[in-house]
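Under the numbering used here, residues 1 to 273 are what the sequence shown spells out, in order. Positions of the beta carbon are idealized from the N, C-alpha and C atoms, including for glycine.
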Amino acid sequence: MEYSPNCERNDTLIFGEVCNGLQKKGFQTEIVCEADIDFIEKTNTKLYISMARGRRVLDILKKKENSGALVINSAKSLIKYNRIEITKKMIECGVPIPQSEITETGSTPGISHHFWVKRGDECAQNAKDVCFVENAEQLERVWKDFEARNISQVVISKHAEGDLVKFYGVEDTGFFFTCFPTENGGCGKFGAEAINGEPHKYSFSHSKLREECNRLARILNIPIYGGDCVVGESGDFKIIDFNDWPSFSRCRTDAAEAITEFFCKQADKFHSI
């Protein structure tokens, strides 16, 4: 495993709880850091549960998947679905998202201000990877920074007004958790969430959001997931971010139980083949 930016402790805790849960179910577990490439490559186990995002490790796990191993979350899916590919799939499958376009760094957006510019090749690694743009001057600064960091493609999404809602889920289980990250002045790990301000707590269908998120998880084959949506005054929601295995810091114990349950189900199917 390796850690998400600014979430190192929470990543350690959720992964540890999952491994403890698997041990109670009779599995023998060993936690390996992403840096231990040689060990990962040489091990011949057939069951892997992984928070890995480093490309070298994902390539190794992909080879193991192709050779018949079970890897959750799937390394093949994580390699295939960067932010651009997830956005394409959401548009293709009719997932409710804000108006969005995929374009080259430095281009003229077809979406009017206000909007978000997001690096396209991976999820955000620092606060500069997802930028709120209100005018041409701000956009020019974003383009200069992205070009300096060799970020060539981006996703641009229209800003959605309303309540920011963070969601966490595990496909094929009863677990789905939501919260308001900006409540009481919260601003998330990079601070961008503060743009939407204190939530009004507009009423929305929790079950419809869960259904839509689980549908997307199945499409992408990313069963352990998290993300964000914005709920408008009318109760409609737009998904603005979807990613693999978040830290689950607000719901760790329930999430760990659900992940353990899901892995056990998949392991049973794997062994029955």
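Please report the straight-line C-alpha distance between residue i and residue j, rounded to a whole angstrom.
{"i": "Phe-176", "j": "Tyr-225", "result": "10 Å"}
{"i": "Ser-74", "j": "Gly-162", "result": "33 Å"}
{"i": "Ala-258", "j": "Cys-131", "result": "33 Å"}
{"i": "Ala-136", "j": "Arg-250", "result": "37 Å"}
{"i": "Met-1", "j": "Gly-94", "result": "Confidence at Met-1 is low in this model, with a pLDDT of 47, below 50, so the placement of that residue is unreliable and no value is reported for it."}
{"i": "Glu-17", "j": "Phe-167", "result": "20 Å"}
{"i": "Glu-8", "j": "Ser-203", "result": "33 Å"}
{"i": "Leu-70", "j": "His-271", "result": "10 Å"}
Please list the terminal residues of the continuous alpha helix (DSSP H) segment that includes residue i.
{"i": "Asn-66", "result": "55-66"}
{"i": "Lys-80", "result": "75-80"}
{"i": "Gln-23", "result": "8-24"}
Measuring CB to CB, does residue i end up less than 7 Å from residue j?
{"i": "Ile-31", "j": "Arg-56", "result": "no"}
{"i": "Gly-120", "j": "Ile-84", "result": "yes"}
{"i": "Val-133", "j": "Val-231", "result": "no"}
{"i": "Ser-247", "j": "Ile-14", "result": "yes"}
Who are the near neighbours of residue i in its chain, counting only those whose CB is closer than 7 Å to its CB and skipping five residues on each side?
{"i": "Asp-244", "result": "Asn-73, Leu-78, Ile-222, Ile-224 and Tyr-225"}
{"i": "Leu-220", "result": "Ser-77, Tyr-81, Ile-86 and Lys-89"}
{"i": "Ser-112", "result": "none"}
{"i": "Gly-197", "result": "Thr-182"}
DSSP puts residue i in a beta bridge; with which residues?
{"i": "Asp-163", "result": "Val-231"}
{"i": "Asn-243", "result": "Gly-226"}
{"i": "Ser-249", "result": "None, per the DSSP bridge assignment."}
To which residues of the same chain is residue i closer than 6 Å at the C-beta, ignoring the five residues directly before and after it?
{"i": "Arg-210", "result": "Phe-176"}
{"i": "Val-170", "result": "Ile-224, Ala-258, Ile-259 and Phe-262"}
{"i": "Cys-123", "result": "Asn-243"}
From what residue to what residue does the beta strand (DSSP E) around residue i run?
{"i": "Val-142", "result": "That residue, Val-142, is in no beta strand (DSSP E); its alpha helix (DSSP H) goes 136-148."}
{"i": "Phe-176", "result": "176-179"}
{"i": "Ile-84", "result": "Here Ile-84 belongs to no beta strand (DSSP E); instead the alpha helix (DSSP H) covers 83-92."}
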